[in-house]
Amino acid sequence: MDTDAQHTERDRSCRASAPGGSGDTTPPPPVTEQAAERSRSARVPGADEASEPPATPEGAADTESSGPDRAAGAEDTTAGAEPRGARGGLLGRIPGGRLTAAFLGGLVLLLLAAVFVVQPFLIPSDSMEPAYRDGDRVLVNKLAYRFGAKPERGEVVVFDGTGYFGDGDYIKRVVGVGGDRVTCDGRGRIAVNGRPLDEPYLHPGDTPSTVAFDVVVPEDTLFVLGDHRSASRDSRDHLGSPGGGMIPLDAVVGRADWTVWPPSRWTSHERPGGYDGIPAPGAHHG
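Just so we're aligned: 28 in the UniProt record's numbering is position 28 of the sequence shown, and the numbers increase by one with no gaps anywhere.
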């Protein structure tokens, strides 16, 4: 029985190849080494399974199976993400970063304010004392006359005196505007359109004017005087000069509304009430 069991496979192949069927003992053809190798590999358990690709671990199947989608998603993510180098933008290239940018931004705002809104000026003399003293720093409101408004009598303005008073900026009080008749006999008060002015802002001990004059202010010009009349060179001193001592409106920088330095002098300046009752130009010329 053992012998039959050992030869079962060989006998089967012999019987299958025998021409006469039973009893044929012709030995099978020799098995070559390559054929034996193929036969062994064909019967190796799990050989078919080994030839299949390995199973993908759970959770990785979606990633692998959606390779193109994943690539597209990666592109979307990359495109949507801000590059590290660009994240800082200009700040990343400025020494000091945000602090420097904040300082520069503040400086730009100050420059814009000085050009369009307010501008500081240093009072260079005592010609406007006591309201504005030598060495005071004032802020000039540059918007006061930007939108069609014009200087009014009693307001203090800063103007460019080039061609009229001399090179540079000046600060004076507006006494007459276009069409006004301004007079002084040299002994008493100044009158505008026939009405004497009440000037409590004058320097103590000063008279309104020791210079006599009688002028009509041309349109779009101003007649200006200093508050310290005995120490001020103003429209009175340029009556015979080109322009007759009058200041064109387009030479006005703005209105001197605030004294801001020194701190003990901090104040805002209001238009005096003594100019309120002056008649309109032309109401009294005689």
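Built from N, CA and C at the ideal position, the CB exists for glycine as well. Predicted, not measured: the structure shown is a model, and the values here were computed from it.
CA-CA distance, residue i and residue j?
i	j	result
residue 224	residue 171	9 Å
residue 189	residue 231	17 Å
residue 219	residue 98	52 Å
residue 71	residue 102	Interpretation of residue 71 is limited by its pLDDT of 44, a score under 50 that renders its predicted location unreliable; the figure taken from the coordinates is listed afterwards. The alpha-carbon atoms of residue 71 and residue 102 are separated by roughly 41 Å.
residue 125	residue 95	43 Å
residue 253	residue 263	24 Å
residue 256	residue 275	18 Å
residue 175	residue 162	20 Å
residue 191	residue 272	15 Å
residue 287	residue 143	The chain is shown from 1 up to 286; residue 287 falls before or after that span and cannot be answered.
residue 160	residue 132	18 Å
residue 134	residue 128	8 Å
residue 266	residue 246	31 Å
residue 243	residue 164	7 Å
residue 186	residue 211	5 Å
Can you check whether the CB of residue j is closer than 8 Å to the CB of residue i?
i	j	result
residue 213	residue 183	yes
residue 269	residue 177	no
residue 229	residue 209	yes
residue 205	residue 281	no
residue 217	residue 239	no
residue 137	residue 122	yes
Should residue i go down as buried or exposed, given a rule of 16 or more other Cβ atoms within 10 Å for buried?
i	result
residue 168	exposed
residue 221	buried
residue 279	exposed
residue 226	buried
residue 327	The structure shown has nothing for residue 327, since the chain only spans 1 to 286.
residue 241	exposed
residue 154	buried
residue 108	exposed
residue 277	exposed
residue 198	exposed
Could you pull the DSSP bridge partners for residue i from this structure?
i	result
residue 196	191
residue 171	158
residue 278	According to DSSP, residue 278 bridges with nothing at all.
residue 131	Beta-bridge pairing links residue 131 to no other residue.
residue 122	137
residue 225	173
Does residue i get closer than 8 Å to chain C when you measure Cβ to Cβ?
i	result
residue 160	The displayed structure is made up of one protein chain only, and chain C is not part of it.
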